[in-house]
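What follows is a single structure, written as structure tokens, with notes after it.
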Amino acid sequence: MRKFKRAAIVGAGLLAFSGLGVGAAQALPDPGQYMVGDTYKEPTKAACEADGNSWEGVGDFSCLGPNDDGSYTLRIDSIDPPPHG
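Quick note on numbering: the sequence shown equals residues -27 to -1, 1 to 58 in mature numbering (1 follows the signal peptide of the UniProt record, and there is no 0).
Right under this line is the structure:
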């Protein structure tokens, strides 16, 4: 019974950890896959501004907040047209 409890605790921990990994993966959109109105949760205003300025294809964006938990919301307001090549 003791081994079963230990396995259950380890299994629950792995599930929780994998869930965090999935959440982190979802937080970073694929370049060029943005849409006007998309929102992304950011931990700080500085992180929001850094991401908005660095994500390829994002034209204008807004950093809304702070939210109740101290985070900010990055909202995409416009998309840059793709370069002609």
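Glycine residues also receive a C-beta, built at the ideal position from the N, C-alpha and C atoms.
| Item | Value |
| --- | --- |
| Compare the C-alpha of Asp11 against each of His57, Ile49, Pro56 and name the closest. | Ile49 |
| Have a look at Trp28 and Pro39 and give me their C-alpha separation to the nearest angstrom. | 21 Å |
| State the DSSP-derived secondary structure class of Ser35, mapped to helix, strand or coil. | strand |
| Where does the unbroken beta strand (DSSP E) through Glu29 begin, and where does it stop? | Premise fails: Glu29 is in no beta strand (DSSP E) and is neither H nor E. |
| State the start and end residues of the unbroken beta strand (DSSP E) segment that holds Asp13. | Here the sequence assigns Tyr to residue 13, which means Asp is not the residue at that position. Per DSSP, Tyr13 belongs to the beta strand (DSSP E) from 12 to 15. |
| One question on the structure: do Gly25 and Ile52 come within less than 7 Å of each other, judged by their Cβ atoms? | no |
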